[in-house]
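Trainee:
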Amino acid sequence: MKLYIKNMVCIRCKMVVKQQLKKLSLNYTRVELGEIEIIETISAVQLAEFKTLLLKYGLELLDDKKSILIEKIKKVIVELIHYADEPTKINFSDYLSEKLNHDYTYLANLFSEVEGINIEHYIIMHKIEKVKELLVYDELSVTEISYQMHYSSVAHLSNQFKKITGLTPSHFKKFRENRQMGLVNP
């Protein structure tokens, strides 16, 4: 039995879901971002209890097709940006259409209607989160990050970064370093 969960976007979320399944003695074959597969049939009581347990952690069990499709869109984007071994340069609209077996226009319209932002903005927000993560690791220069994240130029990355965060990548990096120094040397 497949179940879909809203807001399940990180490894910690997967751990929480596994813990809750264990609490209810439910056996599963897979726990992925936004999706779980349970071996046995769940009773209505177990399902209600599972929903309640998930809500405590900000996770929500989904039961309507549109919400499930929205979560699948988010999952594909998050996996591609945050968890792919090598970020590949692809056309997101073609990739989403192919991966989810739906016309991109339908996916984009549904996403905007339900989420209140368009898919492109959602993708940009996640790319900027990944850029922030790379800046904090301090292993790559802004130029290397720009190349890795497939921006057309450092200026393009910097403009998007500033639009989302209010800071340039270099200011973000300095801000983080100053905060860390303050924590180390009070």
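Just so you know, the working numbering puts 42 at position 42 of the sequence shown, and the rest follows in order with no gaps. In this text, a Cβ means the ideal position worked out from N, Cα and C, and glycines have one as well. Keep in mind the model is a prediction, meaning the values are calculated, not measured.
1) If you draw a straight line from the alpha carbon of I39 to that of V17, how long is it in whole angstroms?
2) Report all residues from its chain with a CB closer than 6 Å to the CB of P186; omit the five preceding and five following residues, and keep chain order.
3) For the pair the region 118 to 131 and the region 71 to 84, tell me if three or more CB-CB distances fall below 8 Å.
4) Between the Cα of I128 and those of E37, V154, V45, A48, spot the shortest distance and give me the residue it belongs to.
5) Specify the secondary structure class of P186 as computed by DSSP and reduced to three states.
6) Whose CA, out of V114, L53, S141, A84, lies closest to the CA of L69?
7) Would you identify the three-state DSSP class for Y151, choosing helix, strand or coil?
8) Nearest by alpha-carbon distance to G58: which of L135, N7, Y151, I11 is it?
9) Pull up the CB-CB distance for K99 and G34, whole angstroms please, since I reckon it's below 8 Å.
10) When we look at the beta-carbon of S141 and count the other beta-carbons within 10 Å, is it buried (16 or more) or exposed?
11) Can you tell me which of K23, T168, V131, L107 puts its alpha carbon nearest to the alpha carbon of L47?
12) Identify every residue that forms a DSSP beta bridge with Y28.
13) Taking the alpha carbon of I73 as the reference point, which residue from F172, F92, L21, N27 has its own alpha carbon closest?
14) Measure the alpha-carbon distance for E197 versus F175 and round it to whole angstroms.
15) What runs of the alpha helix (DSSP H), each 4 residues or longer, lie entirely inside the region 103 to 131?
16) Flag this pair as yes or no: are the beta carbons of S97 and D103 separated by less than 8 Å?
Mentor: From the atom records:
1) I39 and V17: Cα-Cα distance of roughly 15 Å.
2) Only weak support exists for where P186 lies, its pLDDT of 48 falling under 50; the coordinates are left without a value.
3) yes
4) V154
5) Residue placement at P186 cannot be trusted, given a pLDDT of 48 that sits under 50; the coordinates are not used to answer.
6) V114
7) coil
8) Answer by Cα proximity: N7.
9) In fact, because the Cβ distance is near 13 Å, the residues do not count as touching under 8 Å.
10) exposed
11) K23
12) Residue pairing by DSSP places Y28 opposite I38 in a beta bridge.
13) F92
14) Outside the shown range of the chain (1 to 186) lies residue 197, about which nothing can therefore be said.
15) Within the region 103 to 131, the complete alpha helix (DSSP H) runs of at least 4 residues are 104 to 115.
16) yes
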